[in-house]
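**Q** Sharing a structure, written as structure tokens. Questions coming.
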Ligand SMILES: Nc1ncnc2c1ncn2[C@@H]1O[C@H](COP(=O)(O)OP(=O)(O)O)[C@@H](O)[C@H]1O
Ligand SMILES: [Mg+2]
């Protein structure tokens with residue numbers, strides 16, 4: 003049965019999709035795991051980064067149980083790495099699932115899909131509500147990208163508090179600094195206060211992912227950022243091993 007890793011933040015634009023795509027590549031490549039990246043964000047950024055056309059409007063069928071989940075899965079250009087793409091039909095997913103009154107719908111879908119994979123990585127939309135509660139109920143581990151700024155750190159604390167008060171402190175949360183600019187004193191100080199967290203640098207090579215439409219390590223394997231994602235994946239596997 004697959005282990006489920008949710009790449010999540012309450013905030014948007016913090017590097018979730020970027021991390022999800024690169025972690026999925028590490029899982030399938032370095033770790034040789036059968037890996038599924040499930041893009042649950044209507045923006046479809048992770049799907050785009052894997053070179054997908056995100057105009058089909060079919061993504062929500064899986065949540066409505068109109069189709070077998072596996073029938074929507076597509077291979078990527080890389081071995082062992084599959085994709086469940088997103089599109090704008092997911093933009094009201096929180097409302098759709100609330101209406102359907104199915105608080106564990108995602109978890110059940112993952113149980114079905116999980117039979118065919120070792121690792122499933124969820125690229126989650128931002129927000130903290132009923133939909134994110136579904137992620138928290140379904141995931142074995144949350145990877146939380148956080149830019150080293152006071153507001154982003156505060157949002158992380160809010161998520162921790164929510165997990166503690168509503169989910170018994172589960173699943174475990176693995177924070178990762180994202181978009182770190184070492185020229186900024188505030189960034190340097192915040193990163194220095196958490197020496198054990200991986201820090202992904204602000205780097206134009208990461209923005210290039212959206213031009214190449216491929217994981218970072220496929221075109222810049224020796225970049226510092228690609229190495230940091232590799233280390234992050236090692237941390238993820240270590241955390242999963244402890245469960
Ligand atoms: N470390 C980074 N350095 C430079 N640009 C980044 C970095 N991480 C993300 N980006 C860029 O920032 C934007 C938002 O990233 P994305 O991963 O889509 O965030 P989210 O999924 O949290 O909304 C994208 O244009 C992405 O290319
Ligand atoms: Mg995203």
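Residue numbers (our numbering): 3 to 245. Ideal placement from N, C-alpha and C gives every residue a C-beta, glycine not left out.
Is it the case that the CB of residue 102 approaches a heavy atom of ligand 2 more closely than 7 Å?
**A** Answer for residue 102: no, Cβ out of range of ligand 2.
**Q** Would you check whether ligand 1 has a heavy atom nearer than 7 Å to the C-beta of residue 212?
**A** True, at least one ligand heavy atom lies under 7 Å from that Cβ.
**Q** Based on the DSSP output, what are the partners of residue 84 in its beta bridges?
**A** Paired residue(s): 38, 77.
**Q** Leaving out five residues on either side along the sequence, give the residues of the same chain with a beta carbon under 7 Å from the beta carbon of residue 155.
**A** Here the set comprises 148, 192.
**Q** When you compare the CB positions of residue 100 and residue 124, do they come within less than 8 Å of one another, or not?
**A** The answer is no: Cβ separation not under 8 Å.
**Q** Check whether the segment 180–187 and the segment 60–67 are in contact - that is, three or more C-beta pairs closer than 8 Å.
**A** No, the segment 180–187 is not in contact with the segment 60–67.
**Q** Which complete alpha helix (DSSP H) runs does the segment 108–143 hold, if anything under 4 residues is left out?
**A** If we require 4 residues or more, the alpha helix (DSSP H) runs fully inside the segment 108–143 come out as 132–140.
**Q** Cβ-heavy atom distance between residue 11 and ligand 1 below 7 Å?
**A** It does: the Cβ of residue 11 is within 7 Å (strictly closer) of some heavy atom of ligand 1.
**Q** Mind checking residue 35: buried by the 16 CB within 10 Å criterion, or exposed?
**A** Buried.
**Q** Mind checking which residues open and close the beta strand (DSSP E) that includes residue 179?
**A** Run containing residue 179: 175–182, per the beta strand (DSSP E) assignment.
**Q** Give the DSSP-derived three-state secondary structure of residue 226 in the structure shown.
**A** Reduced to three states, the DSSP call for residue 226 is helix.
**Q** Please look up how many angstroms separate the CB atoms of residue 24 and residue 222, rounded, as I've assumed it's under 8 Å.
**A** With a Cβ gap of about 11 Å, residue 24 and residue 222 do not count as contacting.
**Q** Give me the Cα-Cα distance between residue 174 and residue 98, rounded to the nearest whole angstrom.
**A** Distance between the alpha carbons of residue 174 and residue 98 is about 27 Å.
**Q** Would you list the residues sitting across from residue 13 in a DSSP beta bridge?
**A** Answer is none; residue 13 lacks a bridge partner.
**Q** Which of the three DSSP states, helix, strand or coil, is assigned to residue 148?
**A** Correct three-state label for residue 148: strand.
**Q** Within the present structure, is the beta-carbon of residue 125 separated from the nearest heavy atom of ligand 2 by less than 7 Å?
**A** True, at least one ligand heavy atom lies under 7 Å from that Cβ.
**Q** Residue 198: buried (16+ other C-beta within 10 angstroms of its C-beta) or exposed?
**A** Exposed, by the Cβ-count rule.
**Q** At a threshold of 7 Å, does residue 47 count as lining ligand 1 (C-beta to nearest heavy atom)?
**A** At least one heavy atom of ligand 1 is nearer than 7 Å to the Cβ of residue 47, so yes.
**Q** Specify, as a first and last residue, the run of the alpha helix (DSSP H) that residue 295 falls within.
**A** Outside the shown range of the chain (3 to 245) lies residue 295, about which nothing can therefore be said.
**Q** Do you know offhand how far residue 112's Cα is from residue 54's?
**A** Residue 112 and residue 54: Cα-Cα distance of roughly 22 Å.
**Q** On a CA-only basis, which of 242, 121, 137 is nearest residue 30? Give me that one, please.
**A** Among 242, 121, 137, the Cα nearest to that of residue 30 belongs to 121.
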